[in-house]
Each structure stands twice: as structure tokens, then as C-alpha cells.
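Chemist:
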Amino acid sequence: MATEILMPALSPTMEEGTLAKWLVKAGDTVKAGDILAEIETDKATMEFEATDEGVVGALLVAAGTEGVKVNTPIATMLADGEVAGAAPAPVAAPVPAAPKAAAVASAPVAVTPKASPDWAPGTEMKKQTVREALRDAISEEMRRDGTVFLMGEEVGEYQGAYKISQGLLDEFGPKRIIDTPITEMGFAGIATGASFAGLRPIVEFMTFNFAMQAIDHIINSAAKTLYMSGGQMGAPMVFRGPNGAAARVGAQHSQDYAAWYAQIPGLRVVMPYSASDYKGLMKTAIRDPNPVVFLENEILYGKTFEVPVLDDFTIPFGKARIWREGSDVTIVSFGIGMTYALEAAERLAKDGISAEVVDLRTLRPIDYDTVIASVMKTNRCVTVEEGWPVGAIGNHLSAVIMERAFDYLDAPVLNLTGKDVPMPYAANLEKHALVTTDEVVAAVHKVTYR
Amino acid sequence: MAVKKPAGSPNVSAEALKGYYRDMLLIRRFEEKAGQLYGMGLIGGFCHLYIGQEAVVVGLEAAAEPGDKRITSYRDHGHMLACGMDPGGVMAELTGRSGGLSKGKGGSMHMFSKEKHFYGGHGIVGAQVPLGAGLAFADKYLENGRVTFAYFGDGAANQGQIYETFNMAALWKLPCIFVIENNQYAMGTAQRRSTSTPDLYTRGQAFGIPGEAVDGMDVLAVKAAGDKAVAHARAGEGPYILEIKTYRYRGHSMSDPAKYRTREEVQKIRDEKDAIEHVRDLLVAGGHATEDDLKAIDKEIKEIVNAAADFARESPEPDLSELWTDIYA
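Those protein sequence lines, which keep their order, are chains A and B. When you line the first sequence up against this note's numbering, it's residues 332 to 781, in that order. When you line the second sequence up against this note's numbering, it's residues 6 to 334, in that order.
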């Protein structure tokens, strides 16, 4: 009986990949360690090795097939006595090539969102991943302003740990795309000093978990200098990188810092959801004369959205986006929390509950007015975020809503957050530690009393 | 006490030597006045005086060129005066008044001057060192030929971020002079009780950064070492470490119980090593200045310091609206 070789998962968040190239053919004898194929994920192209010796039976997925889901059989290895070459290598992409959109488990739900306030109706749009949108934003701004540079671990020759900076070293050279040693505190301090002297650094933290090593410079050195100097000098710079839980990377690599940074006067804090927001807000962040903490999300990097085709597309800070209008409840979220908010709204619509979904997009400043206007209309509010419950962004919004719209509320505001535990590793536990769509739906039923 | 010019010291003109005397005296008198105002309740919070260490900044400023940058910790009044910042503005910042260099919002530890290329004034021990390397990074990026003096103390020399910075500064050949002002006490902890090896100038060896120890009570020795370090950095050879051995006469801050050293220890240094007396002796013994010349300088300094104190007392407190300005640019 032939054994199947399955499409491997090559990163914590990989759900599918492209089988770029086969390096073996049916009938080849391979040893453990021989390279069977090149597999391209959204993060990197990697060589896939044989783990056992044997003879290749059949190749089940043609080279060049995109969207091959993890664990799909891609080849067979013959058992002793079996003969190779019974089935020729397929030329087309048969079974495994699932349509791309369907393979993306939590892509934005297929609702017609409210027209975006960020571009004119009729603007030409293109499909882009968050990763591509970010890269475009950074490279456009680097072309525009020679004082902008990118510094961080593996941003250059490795092409970015999450491929955000892919190709930038080739275009801008090592003077402006700077690989650092693994010393977050040191390079965050150096970048902040460079910003005092008039440069516009972009500091990439491989993830924001590691920025805790550097948080003194983000807060004490970058955020406070303008004030302490009576306005004489500040830190025009961006601290960016993935924030929050990825997938199965454990407690020390899975934390949402939104509420931490949102507390600090002197910082701008951005936490986008869609690719167009990543692009427009990153360009604004790089041009902003203040230190900006730009909280990205590894799971969102590979998601595809519509992005306007515009020469110079920026989005101002402090403007929430209403993704869908509704009349029964306001769901406020930001970042990856929007995934759950939008999924919940779609499910609720089937139950006859009309949810308005507000994406805050920036957490400092927060667009209170949009939230309050929505709550005054719907009289109910549920907040959704991935961070911990104590001192959450939702807590703060509840307080503001109570102060400004108390008489409009028909139910207590409910804050949905991650659970009050360090992130567990086990798949089932991790899922429960995060906020879920089911919880959002349940909370809306609770506040709408139906 | 006649002191001979130490071997290896630069030949400086009598005018320059008088200038060092004047600049050091300004710092000392200014700090004495700040101590008085603190005692009167006009200055609050932390106030770290530089008395005893004056030759360090004056010697290094003598090695700097216009446009070079400097950054330091919270014991920063001397650095600001030495690079030419207005004494009235510094003193008014100490009293928290609108005429202060940070409009009263920074205080003793947090002042800055774009014009004089002084980048603070930082309160977290050691944090100014990567910031200083970042200033040097910007100069190298902009190819403007400038160098940065990043000052820190023997206490900060044990912070981890210093070594992260040494590594990158050496790797990227940043034009940065790391100045360790070793005043022998990290707050109240003597160096021998905090530091495994006493020679801080060797701390760059692991990164290939040259360093040397300097007598910080001798302004000419400091200037000579500064010239060498500046030439090295400006030539694109990368960073340089100067461990400048100095001594702080006053407490760490104003509320220092002084239990960690004896009165005699302090007095002995004052009597035998004082940097200002040393230059005074050089000037008089060398026939470069008369007692009357020096008296004239003393008088001028006294007037400057009194004017600064008057300004600091008379300048109004910041308007309450200032609470809400300068948070965002």
C-alpha cells in the first residue's frame, strides 16, 4: 500500500500554499533528506524534504498549483513491490486547488459594506493582501522621502520574517533597509535617537512581544520627548510589527498590546483590519510627526481585500469606519477583532438582528463621536477585542458611552475580550482563550433581549 | 598649589585656558546657586548637581566643533552650560517657570536645545546611550561629518542596553564618543561594590571599540583625550570610549544622606584634586593671568548666575493651558 505525502504546514499560520516545483518524478528513488519539491507559502519559498527513503509512486498535484491546503495528499511513495508510473503526473490542478477565497477561513464576510469614506465612489479597486498593501505603503513612502528607513531583525537579506519587507533591500539598499542584531532595546533606542536628529525611522519588531524589551524607549524616550522639551524636538517614527495571537505559538508569543499603548499620551496607536486601512494608515503613520505604534496581525497578513488604486492614498488618524450599517446594536471592534464582529453581524442578520459594525482603526486618537452616534441610534453596544479583560479598550469605551450616551442605552454595554489567562498552546484551549464569533453572537442576543 | 602642565597635554593658548576656567567656574557657581534655591523651596523634585565634575564637560566641549551633538543623563546642568545654553533658561526650568528651556514642563532632568545640539536630559539610567548612538547614526546617514558625545556614568555602565549599543555602534562604525563619567558612585553604591572589573574604559574591548582612562580632574587631559576620540570618530573609524575619572562633591541628588562615604574622602579630593583650582594655578603660575584678571572673571560669573537666579524667580509659572500643549506635533 502506497503511503501518501501530504502538503506540509511550514509556518504557524499557514493554511495553504503553492506547490511551486517538483524536483522528483514518478519512479525516482529518494533518500531521507532529498528535496522533493519547492513549496511557496505567503511568507517564503521553502524546500520540502523526504523523511524516508523509497520510490516516488505518483505526483498528485501539478507544479504551479496554487491554494493547496495543508494536509492534502500531494504525492505517493510506493510500498515494497509496487510499481511506479501507473498514474502520470497530473497537468492541471485537480482536487486540491480550492478557490482562493474559500480557502481563507475567515475572510471578510460577503456583505456589501457601507461605502468607504476613504475614497470616492467609482474609484478603481484591486485585490491585495494586507502584506502587499503594507509593503506598498512602506516602499511608496521610502521613494517619497529619503529620510525614511526601515530597521529591524531580518528585514533585509532574509526579506522579512513575515515577508513585509520582501524586495525592499534590492530597491533601497542596505543603508535604508537595515538588519539589526537581536537587541530590541538597543535598536529601538538608536532609531529614536535618529528621529530626534531628523530622520524618520520605521522600526520593525519581529513581533510586539519582543517590543517589551524596548518599551522604555517607546514610552519614555519617544512618546514623552516633545512634551519634556517644551515642543523643541520629538520622535517622528513608526514602531511596527505583528501584535496579538498568531496560531499555536504559546503564551510568550501571543499577546495583544492595544490597551497598553493606547494609554500613553504622545503616542499614536493604529490597529487596522483591512488591507486598504493598512496601506492608507501606514502612509499616514510614516508622515506623522509623532511616534506611531502600528499594531499589525500575522493572521491578517495573508487576507485579501479591495484596495483603491490611487497614486497617493492616505487615511487620517481618528476616523472610524462603519463597515455595515445596522439599527439594533452597535458592535465596535478593531484589528483582527473585526473578523469576529463581521462574522457575527452576518449570522445575526439571518436571525433578523441588524448590527452596525464600527472599526475603530486607530486607538489613539479614538473616534468617539462615531461610536457615540451609532450607540445613540442603536441603543445597544458590544465591544470586541482580543486583549485581556482588565483595562481593555472596551472598558474605556463603556465608560465614555456611559458618560455621553447613558440615557440612550437600553442595555448594559458588554465587553468581549480574550480570556484572563496566558495563551495556552493546545489547539482547543487556544481557541477558547480568544474571543469567538459565537460569543459575539451570544452577547448581541443578550443586549437585544432576543 | 602650583601644578605643572601634565605630560601629553595639548598646548592651549592662555585665552583658551582662561576660557576653561571661566566655563568651569560658571558651572560651579550655577550649581551652588541651584543648591541654594533648592533649599529655599524654589526648586522641587530631583536636582542632581555637577559640582566636582566640571572639567569633564568643559574639556570635551573644547574638543567639539560646531554642529557636534551631545546627550546625557539627568545630571545635566553642566553639559547645558558648557555647550552654551542660556543659564537663565536652565535655572528657570529648575524653578518650573515659563521662561525655562522646556517652558517649565521638563524640569532639572529634561532640557533640550536644537540650536546647541543638546539632546537631553534623560532620566532613565543608560537610556541616553542608544539614543546618542542614534544621533550618530543620523549623522552618518546624512553624511554631515558630525560626531556625538553620549555621556553616562559608572552606574549606567552596568546597564545591558549599553552593550547592545556598543555592538551596533562598532558594527556600523557610528561616529559616537561614549563618555563614561566615572564619579565612583552609582547613587550611593561605590564602584567596587557594583562593578566586577574596575576599568570601565576596557568595556568596549569585546566589540573592538578602543577606550582610554582619563584624569577627569585635569581639563587639559580631558581635552587631549577628547581631541583623539573626536578625530577617530570623525575619520569614520567608529566609536571611542573615554572613561573619565572624576568625583562628585555633592550628594547624588539633594536628599542624599551621604552615609556611603566619609566627609574626609570628599574633602581630600577637594583639597588635592579640584579641577578649577588646578587651572587657576596653571594660569597664575604660568603668568597667564593675574589675581585681578581672575577676580574679574569671578565677578562676571557671579553676575551671570545672579541674573539667572533672578530670572528664574521672576519668570511666571507656565499658563495652565501649557498642560495640554506639546503632546503631539
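Here a beta-carbon is modelled for each residue, glycine too, at the ideal position from N, C-alpha and C.
Pick helix, strand or coil for residue 760(A), following the three-state DSSP scheme.
Modeler: Note: residue 760(A) maps to helix in three-state DSSP.
Chemist: Going along chain A, which residues have a C-beta under 7 Å from residue 326(B)?
Modeler: Neighbours of residue 326(B) on chain A: none; closest Cβ ~13 Å, over 7 Å.
Chemist: Are at least three pairs of beta-carbons, each pair with one atom in the segment 270–290 of chain B and one in the segment 66–83 of chain B, less than 8 Å apart?
Modeler: The segment 270–290 of chain B vs the segment 66–83 of chain B: no contact.
Chemist: Measure the Cβ-Cβ separation of residue 299(B) and residue 17(B) and say whether it is below 8 Å.
Modeler: Contact flag unset, no.
Chemist: Could you please give me the residues that DSSP links to residue 2(B) through a beta bridge?
Modeler: This structure does not reach residue 2(B), given that chain B is present from 6 up to 334, and the question cannot be answered.
Chemist: Am I right that residue 159(B) and residue 185(B) are in contact with their C-beta atoms under 8 Å? What's the rounded C-beta distance?
Modeler: Contact flag correct, Cβ pair sits at about 6 Å.
Chemist: Can you tell me which residues form a DSSP beta bridge with residue 661(A)?
Modeler: 687(A), 712(A), per the DSSP bridge assignment.
Chemist: Could you check how far apart the C-beta atoms of residue 660(A) and residue 625(A) are, in whole angstroms? I think they sit under 8 Å.
Modeler: Going by Cβ atoms, the distance from residue 660(A) to residue 625(A) rounds to 30 Å, so no, they are not a contact pair.
Chemist: Is the number of C-beta pairs between the segment 32–51 of chain B and the segment 304–315 of chain B that are closer than 8 Å three or more?
Modeler: Verdict: yes, contact present.
Chemist: To the nearest angstrom, how far is the alpha carbon of residue 709(A) from that of residue 745(A)?
Modeler: The alpha-carbon atoms of residue 709(A) and residue 745(A) are separated by roughly 14 Å.
Chemist: What's the call for residue 386(A), buried or exposed, on a 16-neighbour Cβ count within 10 Å?
Modeler: Label assigned to residue 386(A): buried.
Chemist: Might you give, ordered along the chain, the residues of its own chain that have their beta carbon closer than 8 Å to the beta carbon of residue 806(A), omitting 5 neighbours on each side?
Modeler: Residue numbering for chain A in the displayed model covers 332 to 781; residue 806(A) lies beyond these limits and cannot be assessed.
Chemist: Apart from the five residues just before and just after residue 452(A), which ones in its own chain have a Cβ nearer than 8 Å to its Cβ?
Modeler: Cβ neighbours of residue 452(A) beyond the five flanking positions: 446.
Chemist: Using a C-beta cutoff of 8 Å, does residue 172(B) count as contacting chain A?
Modeler: Closer than 8 Å to some Cβ of chain A, the Cβ of residue 172(B) qualifies, so yes.
Chemist: In angstroms, rounded to a whole number, what distance separates the CA positions of residue 573(A) and residue 628(A)?
Modeler: About 5 Å.
Chemist: Buried or exposed: where does residue 316(B) fall if 16 or more other Cβ atoms within 10 Å of its Cβ makes it buried?
Modeler: That one is buried.
Chemist: Do the segment 381–395 of chain A and the segment 354–364 of chain A meet, that is, are 3 or more Cβ pairs less than 8 Å apart?
Modeler: Contact between the segment 381–395 of chain A and the segment 354–364 of chain A is present, because at least three Cβ pairs lie under 8 Å.
Chemist: On the three-state DSSP scale, how would you describe residue 212(B)?
Modeler: Helix.
Chemist: Does any residue of chain B have a CB that is nearer than 8 Å to the CB of residue 736(A)?
Modeler: Closer than 8 Å: no.
Chemist: Roughly how many angstroms lie between the CA atoms of residue 735(A) and residue 711(A), to the nearest whole one?
Modeler: If you take the alpha carbons of residue 735(A) and residue 711(A), they lie about 14 Å apart.
Chemist: Could you tell me the distance, in whole angstroms, from the CA atom of residue 635(A) to the CA atom of residue 459(A)?
Modeler: Using only the alpha carbons, I get a separation of about 5 Å.
Chemist: Would you call residue 347(A) buried or exposed, if buried means 16 or more other Cβ atoms sit within 10 Å of its Cβ?
Modeler: That one is buried.
Chemist: Alpha carbons only, please: which of 780(A), 336(A), 703(A), 567(A) is nearest the one belonging to residue 406(A)?
Modeler: Nearest C-alpha to residue 406(A): 336(A).
Chemist: Across which residues does DSSP place residue 250(B) in a beta bridge pair?
Modeler: According to DSSP, which records beta bridges pairwise, residue 250(B) is partnered with 187(B), 220(B).
Chemist: Which whole runs of the beta strand (DSSP E) in the segment 446–493 of chain A are 3 residues long or more, in chain order?
Modeler: 456–460, 479–483, all fully within the segment 446–493 of chain A.
Chemist: Can you name the residues of chain A whose CB is closer than 7 Å to the CB of residue 100(B)?
Modeler: Within chain A, no residue comes near residue 100(B); the closest Cβ sits about 14 Å away, beyond 7 Å.
Chemist: So is residue 559(A) in contact with chain B if we call contact Cβ pairs under 8 Å?
Modeler: Judged by the 8 Å Cβ criterion, residue 559(A) is in contact with chain B.
Chemist: Please work out which residues of its chain come closer than 8 Å, Cβ to Cβ, to residue 255(B), disregarding the five sequence neighbours upstream and downstream, and give them in chain order.
Modeler: These residues qualify, in order along the chain: 36, 40, 54, 56, 57, 261.
Chemist: Could you tell me which chain A residues have their CB closer than 7 Å to the CB of residue 166(B), listed as they occur along the chain?
Modeler: 516, 517, 520, listed in chain order.
Chemist: Leaving out five residues on either side along the sequence, give the residues of the same chain with a beta carbon under 7 Å from the beta carbon of residue 372(A).
Modeler: Counting only Cβ-Cβ distances below 7 Å, and skipping sequence neighbours, we find 341, 342, 345, 348.
Chemist: Hey, is the segment 164–177 of chain B in contact with the segment 128–142 of chain B, meaning 3+ C-beta pairs nearer than 8 Å?
Modeler: The segment 164–177 of chain B vs the segment 128–142 of chain B: in contact.
Chemist: Among 200(B), 240(B), 125(B), 193(B), which one has its Cα closest to the Cα of residue 1(B)?
Modeler: Lying before the first or after the last residue shown, residue 1(B) is absent from chain B, which here runs from 6 to 334.
Chemist: Please name the residue or residues paired with residue 350(A) in a DSSP beta bridge.
Modeler: Answer by DSSP bridge pairing, in chain order: 370(A), 396(A).
Chemist: Per DSSP, what are the beta-bridge partners of residue 599(A) in this structure?
Modeler: Looking at the DSSP assignment, residue 599(A) forms a beta bridge with 623(A).
Chemist: Taking DSSP as the reference, what is the three-state secondary structure of residue 240(B)?
Modeler: Residue 240(B): coil per DSSP, three-state reduction.
Chemist: I want to see whether chain A comes within less than 8 Å of residue 245(B), judged by CB atoms only; does it?
Modeler: Not an interface residue.
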